[in-house]
Amino acid sequence: MNANEATLVWVDEYSRMAEAYDKNVAPRFEPIAQEVVRLVDPKPGELFLDVGTGTGLLACQIAPRVLPQGVVAIDLADGAISVASYRAGNAGIRNIRFEMLDSRNIVYHGKLFDAAVSNLGIPALGYDRVFQEVHRVLKPSGRFVFSEWPTDPNPSFAALRELLEKHGTRSPSKDLALVREAVRLVRTDPEAKALGDPRAVLKALGVAGFEKRDATTKTFPVRFTSVAELVVFAGSYGWYERELREMTIESRKTFDEELAIRLKPLTTSAGIEDTWTLNLFVARSE
Ligand SMILES: C[S@@+](CC[C@H](N)C(=O)[O-])C[C@H]1O[C@@H](n2cnc3c(N)ncnc32)[C@H](O)[C@@H]1O
């Protein structure tokens, strides 16, 4: 599997899981998206680009603030785009144009946007090309603000991943085998892994032409009322969903037991209390 094939498998999973993602994942990402909005500080009349919009969380936060202009929100996952359109429609937002586009090839004129944003939507495979494309479509001195996960997963996710790998089926379906291969590529490819390293990201932003660039780290407290709720959250991502579905009944039982043990240090009377650490980037070309 090459990087392009892996990207398509990855994105198909976002399409397939779009409704579950919107229900169980996106609400938990709201505070992170709000931080992106705070840093980019949208102004009335500005034209924005949202990269990897998914189900439109960030685009919908920005759109009301840039009226009478709007947001172009791009994603390769058509399923996510249609959920995003519902989200915007339900909120009465009409100034977002959702487009099914690869962020490594943003088919828009150069020097068009006042600002570009992304909430956890920069693809690990080919992010250097994304930065070049974003730089190309931004007006001179346009700003680019985005959030990304660090290379090391937060504690609850580390436990989930480890146990899924340990208890996952030995005879995966063809689809699960493909998704496993794509996940392996993203997690082991040194270039893809570097998206979690602020120094590598700042360097790539510089190469893309962003003269001013800054990285900060922020922590976000997150609470799941139970282990089951955490599993529902994780199971709204394609890879986790397939692993959980194809696990044998015995393996699933052991998985649940071991997960509860692993999460003990994070467990309080209110549930699982984790801390997500995120990297936030602000870049500008002069
Ligand atoms: C973790 S989701 C983030 C979605 C949204 N920004 C949010 O905050 O909920 C990542 C999104 O990036 C999209 N994506 C991944 N690779 C892409 C690419 N090469 N071009 C466009 N979108 C891509 C996926 O389809 C997915 O919707």
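Position in the sequence shown counted from 1, then plus 37, gives you the numbering used here. A virtual CB, placed ideally from N, CA and C, is assigned to each residue, including glycine. Predicted model only: the values in this text are computed from it and were never measured.
- Annotation for F85: no alpha helix (DSSP H) segment contains it, though the beta strand (DSSP E) segment containing it runs F85 to V88.
- Taking 8 Å as the cut-off, the beta carbon of L315 is found no closer than this to the beta carbon of F270.
- Fewer than three Cβ pairs drawn from the stretch 274 to 291 and the stretch 229 to 245 lie within less than 8 Å of each other, which leaves the two stretches out of contact.
- Along the length of the stretch 124 to 177, whole beta strand (DSSP E) runs at least 3 residues long occupy 133 to 137 and 150 to 156, reported in chain order.
- For W313, the enclosing beta strand (DSSP E) has its first and last residue at G308 to R321.
- Among the bridge pairs identified by DSSP, F181 is matched with A153 and A320.
- Non-local C-beta neighbours of G246 in its own chain, meaning closer than 7 Å and more than five positions away in sequence, comprise H172 and S322, ordered along the chain.
- For the options I309, S52, G233 and W47, the alpha carbon positioned closest to that of D165 is the one of G233.
- Taking every residue with its beta carbon within less than 5 Å of a heavy atom belonging to ligand 1 gives, in chain order, V48, Y51, A63, F66, G89, G91, L94, D112, L113, A114, A117, D139, S140, N156, L157, G158 and P160.
- Contact between A114 and A55 holds, with the beta-carbon distance rounding to 7 Å and staying under 8 Å.
- Judged by beta-carbon spacing, I130 lies within the 8 Å limit of P101, meaning their Cβ atoms are closer than that value.
- Collapsing the DSSP output to three states places T253 in a strand.
- By the neighbour-count criterion, in which a residue is buried when 16 or more other Cβ atoms sit within 10 angstroms of its Cβ, P64 is exposed.
- With a beta-carbon spacing of about 14 Å, I133 and V88 fall beyond the 8 Å limit used to define contacts.
- Cβ-Cβ distances below 8 Å link L222 to M38, A40, A43, L162 and A229 in the same chain, with the five nearest sequence neighbours on each side left out; the list follows chain order.
- Closest in C-alpha terms to N156, from the list T188, S193 and D112, comes D112.
- A Cβ-Cβ contact shorter than 8 Å links L86 with F150.
- By the Cβ criterion, the stretch 187 to 203 is not in contact with the stretch 115 to 124, since fewer than three pairs of Cβ atoms, one from each stretch, lie closer than 8 Å.
- Counting other Cβ atoms within 10 Å of its Cβ, A320 reaches 16 or more and is therefore classed as buried.
- As computed with DSSP, D293 is found in no beta bridge at all.
- With a minimum length of 4 residues, the unbroken runs of alpha helix (DSSP H) contained wholly in the stretch 218 to 245 fall at 227 to 230 and 235 to 245.
- Going by C-alpha positions, G205 is about 44 Å away from L175.
- In this structure, F135 sits near A110, with a CB-CB distance shorter than 8 Å.
- Separation of P68 and V264 (C-alpha to C-alpha, rounded to the nearest whole angstrom) is 22 Å.
- DSSP places V108 in no alpha helix (DSSP H) but in the uninterrupted beta strand (DSSP E) bounded by V108 to D112.
- For W47, the enclosing alpha helix (DSSP H) has its first and last residue at A40 to R53.
- According to the DSSP assignment, E280 belongs to the alpha helix (DSSP H) that extends over G275 to E283.
- In chain order, K230 place their CB closer than 8 Å to the CB of R224, counting only its own chain and leaving out the 5 sequence neighbours on each side.
- Excluding residues up to 5 positions away in sequence, E280 lie with their Cβ nearer than 6 Å to the Cβ of L201 in the same chain.
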